[in-house]
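Take any residue in the sequence shown, note its place counting from 1, add 1, and you have its number in the numbering used here. Just so it is clear, CB atoms sit at the ideal spot from N, CA and C, and this is done for glycine as well. Computed from a predicted model, the values in this text were never measured in an experiment. Below: the structure, in C-alpha cells.
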Amino acid sequence: MTTRPFDDTATRAQSRVAVVTAASIPDLEPDDRLILAPLAAAGIAAEPVVWTDPVVDWTAYDLVLLRSPWDYTERRADFLAWVSSVPGLLNPADVIVWNTEKTYLRDLAETGVPVTETQWIGAGDVWAPPESGEWVVKPAVGAGSVDAGRYDLGDPEHRELAELHVERLLAAARLVMVQPYLTAVDTDGETALLYFTDPATGTLAYSHAIRKGAMLTGPDTGVEGLYKQEQIDPRIATDAQRAVAERALGAIPGGTERLLYARVDLLPGPGGDPVVVELELTEPSLFFGFDQDAAGRFAAAVAAHITR
Numbered sequence: 002m003t004t005r006p007f008d009d010t011a012t013r014a015q016s017r018v019a020v021v022t023a024a025s026i027p028d029l030e031p032d033d034r035l036i037l038a039p040l041a042a043a044g045i046a047a048e049p050v051v052w053t054d055p056v057v058d059w060t061a062y063d064l065v066l067l068r069s070p071w072d073y074t075e076r077r078a079d080f081l082a083w084v085s086s087v088p089g090l091l092n093p094a095d096v097i098v099w100n101t102e103k104t105y106l107r108d109l110a111e112t113g114v115p116v117t118e119t120q121w122i123g124a125g126d127v128w129a130p131p132e133s134g135e136w137v138v139k140p141a142v143g144a145g146s147v148d149a150g151r152y153d154l155g156d157p158e159h160r161e162l163a164e165l166h167v168e169r170l171l172a173a174a175r176l177v178m179v180q181p182y183l184t185a186v187d188t189d190g191e192t193a194l195l196y197f198t199d200p201a202t203g204t205l206a207y208s209h210a211i212r213k214g215a216m217l218t219g220p221d222t223g224v225e226g227l228y229k230q231e232q233i234d235p236r237i238a239t240d241a242q243r244a245v246a247e248r249a250l251g252a253i254p255g256g257t258e259r260l261l262y263a264r265v266d267l268l269p270g271p272g273g274d275p276v277v278v279e280l281e282l283t284e285p286s287l288f289f290g291f292d293q294d295a296a297g298r299f300a301a302a303v304a305a306h307i308t309r
C-alpha cells in the first residue's frame, strides 16, 4: 500500500502530523475524519498514513498519531518494532508495548483498581471450565471483539465449543483470557469514558462518554473485517464511573502527562459498582461524533503536544 504524495506547498508554515491507520482503511474511519477540519483550523496539516507503508518518512512529521492501525493484532511483534522506531509517537511506544496485551489488567488490579475477574491460560496450562454460568473466552492480544465468544458452560454444546475455542487460541500461541459474562451489559450497556490532554494542565482531562450495547451474543463465529459492529449512544458518566476511570489512569506506568488520549471501558460488576473492562491507550475509537466539541478538544490537545 503506497501513501498518497503530500504536497506541502500551501502548508509549509503549518505543523504536520501523521494520522496512522490500517491498509484496509487508508482514508480513515468516518469518525476519525471529524478531527481533520479542527486540526486544519488550528494550523495543523493532518495526513492519513498507513503504518505498514515502507516508503513513509516518519521524521517528516511533528507528531505521529495512532488512530486505526487495527490490523496490528495479526502481527504484534512487527507493530511493536515499528512503534519503537517512530519519533513523535502518541501515545508513546513504551505505553503501547504495555497496553497491547491485556495482562495490563493484572497490573491495574495489583494497584487496587477494580477490574473484571480474569483467568489467564497459557501454554502448558490445563483449563478446567466452571460447571455453570456464562463466560467470555478471548485472546489477551486482540481488538474489536475479534476471536471473542460468549458461552453458557451449563450447556454441554457450549461447554465443548468453549474448550475448542481455548484450544484453538493456545494452538496459535496466544495467551487466553476467560472472564465471567457481566450481565449488566445486556441492560445498562458498557460505558466508555474518553480523556484528552487538557492544554491548561498538560495532563489528561475528561472529555465525554458513550454507551456501547452488548456485542457478544454467543460462541465465536468469526468477524468480517477488523471489528464487530457496535451500537453506540451518548452517555453522561456518573461520578462513580469517573472516579474508577481516574484510578485506572493513575495506575498507568510513567503517568498521564505524556499521553494524548485514553479510553476507559467500564461495566457494573457483580455488586453493581463499576469495574474496568479495558483501558484503551493504543488505537481506541474515540467517538468524536457523539459530542459536538470532542473533535475540537482533541485538536487543541494535539496542538498542546506540538508546542511542548
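Check your understanding: Can you tell me where the beta strand (DSSP E) with residue 77 in it begins and where it stops?
Key -> Not the beta strand (DSSP E): residue 77 falls in the alpha helix (DSSP H), residues 77-86.
Practice item. Confirm, please, whether the CB-CB distance from residue 23 to residue 55 is below 8 angstroms. Key: 8 angstroms or more divides the Cβ of residue 55 from the Cβ of residue 23.
Review point. Does the distance from the CB of residue 131 to the CB of residue 177 come in under 8 angstroms?
Key: By the CB criterion at 8 angstroms, residue 131 and residue 177 fall outside the cutoff.
Exercise for review: Check whether the Cβ atoms of residue 133 and residue 63 lie closer than 8 angstroms to each other.
Suggested key: Residue 133 places its beta carbon 8 angstroms or farther from that of residue 63.
Check your understanding: How many whole angstroms separate the CB atoms of residue 264 and residue 194, which I take to be in contact at a CB cut-off of 8 angstroms?
Key -> With a Cβ gap of about 7 angstroms, residue 264 and residue 194 count as contacting.
Exercise for review: Check whether the Cβ atoms of residue 239 and residue 250 lie closer than 8 angstroms to each other.
Suggested key: Contact annotation: residue 239 and residue 250 have beta-carbon atoms that are not nearer than 8 angstroms.
Check your understanding: Looking at C-alpha atoms only, which residue of 72, 87, 46 and 245 is the closest neighbour of residue 57?
Key -> Measuring C-alpha to C-alpha distances from residue 57 to each of 72, 87, 46 and 245 identifies 87 as the nearest.
Review point. Counting Cβ pairs, one atom from each stretch, are 3 or more of them under 8 angstroms apart for the region 29-37 and the region 284-296?
Key: Touching, yes, given that three or more Cβ pairs across the two stretches are closer than 8 angstroms.
Review point. Secondary structure at residue 242, three-state DSSP: helix, strand or coil?
Key: Of the three classes helix, strand and coil, the one that applies to residue 242 here is helix, per DSSP.
Practice item. Mark residue 232 as exposed unless 16 or more other C-beta atoms lie within 10 angstroms of its C-beta, in which case mark it buried. Key: Residue burial is scored here from C-beta neighbours: residue 232 has fewer than 16 other C-beta atoms within 10 angstroms and is therefore classed as exposed.
Point to revise | Cβ contact (3+ pairs, closer than 8 angstroms) linking the region 189-206 and the region 266-278 | key: Counting Cβ pairs under 8 angstroms, three or more are found: they touch.
Check your understanding: Does the beta-carbon distance from residue 236 to residue 210 come in below 8 angstroms?
Key -> Taking 8 angstroms as the Cβ cut-off, residue 236 and residue 210 qualify as a contacting pair.
Practice item. Could you tell me the boundaries of the alpha helix (DSSP H) in which residue 136 lies? Key: Element bounds for residue 136: not the alpha helix (DSSP H) but the beta strand (DSSP E), 135-140.
**Study point:** Nonlocal neighbours in the same chain, by C-beta distance under 6 angstroms from residue 80, ignoring five residues either side
**Key:** The answer, listed in chain order, is 73.
Check your understanding: Do residue 301 and residue 200 have their C-beta atoms within less than 8 angstroms of each other?
Key -> Cβ distance < 8 angstroms, so residue 301 and residue 200 count as in contact.
Check your understanding: Helix, strand or coil for residue 288 per DSSP?
Key -> In the structure shown, residue 288 sits in coil (DSSP, three-state: anything other than H, G, I, E or B).
Practice item. Just list the beta strand (DSSP E) runs in the region 97-164, keeping only unbroken ones of 3 residues or longer that don't cross its boundaries, in chain order. Key: Annotation note: the region 97-164 contains the following uninterrupted beta strand (DSSP E) runs of length 3 or greater, listed N- to C-terminal: 120-122, 135-140 and 150-153.
Practice item. State yes or no: is the beta carbon of residue 152 nearer than 8 angstroms to at least one beta carbon in chain C? Key: Included in the structure is just one protein chain, with no chain C present.
Review point. Which first and last residues belong to the alpha helix (DSSP H) in which residue 31 is found?
Key: 31-34 is the span of the alpha helix (DSSP H), which, as asked, contains residue 31.
Check your understanding: When we look at the beta-carbon of residue 111 and count the other beta-carbons within 10 Å, is it buried (16 or more) or exposed?
Key -> Its Cβ having fewer than 16 others within 10 Å, residue 111 is exposed.
Review point. DSSP beta-bridge partners for residue 206?
Key: Answer is 197, bridged to residue 206.
Check your understanding: Can you tell me where the beta strand (DSSP E) with residue 17 in it begins and where it stops?
Key -> Note, residue 17: beta strand (DSSP E), 16-22.
Exercise for review: Label residue 161 either buried or exposed according to how many other C-beta atoms from any shown protein chain fall within 10 Å of its C-beta, with 16 as the threshold for buried.
Suggested key: Residue 161 is exposed by the Cβ-count criterion.
Check your understanding: Are the Cβ atoms of residue 252 and residue 109 separated by less than 8 angstroms?
Key -> Yes, the Cβ-Cβ distance between residue 252 and residue 109 is below 8 angstroms.
Check your understanding: Distance, Cα to Cα, residue 308 vs residue 85?
Key -> Roughly 22 angstroms separates the two Cα atoms.
Check your understanding: How big is the Cα-Cα spacing for residue 121 and residue 189?
Key -> Using only the alpha carbons, I get a separation of about 27 angstroms.
**Study point:** For residue 38 and residue 273, the rounded distance between their alpha carbons
**Key:** So the alpha carbons of these two residues sit roughly 41 angstroms apart.
Exercise for review: Look up residue 247 in the DSSP assignment and say whether it is helix, strand or coil.
Suggested key: If DSSP states are grouped into helix, strand and coil, residue 247 belongs with the helices.
Review point. In whole angstroms, what separates the C-alpha of residue 21 from that of residue 245?
Key: Between residue 21 and residue 245, the C-alpha separation is close to 30 angstroms.
Practice item. Could you give the DSSP three-state label for residue 171: helix, strand or coil? Key: The answer is helix: DSSP assigns residue 171 an H, G or I state.
Check your understanding: Among 19, 106 and 26, which one has its Cα closest to the Cα of residue 90?
Key -> Distances from the CA of residue 90 to each of 19, 106 and 26 were compared; the closest alpha carbon is that of 19.
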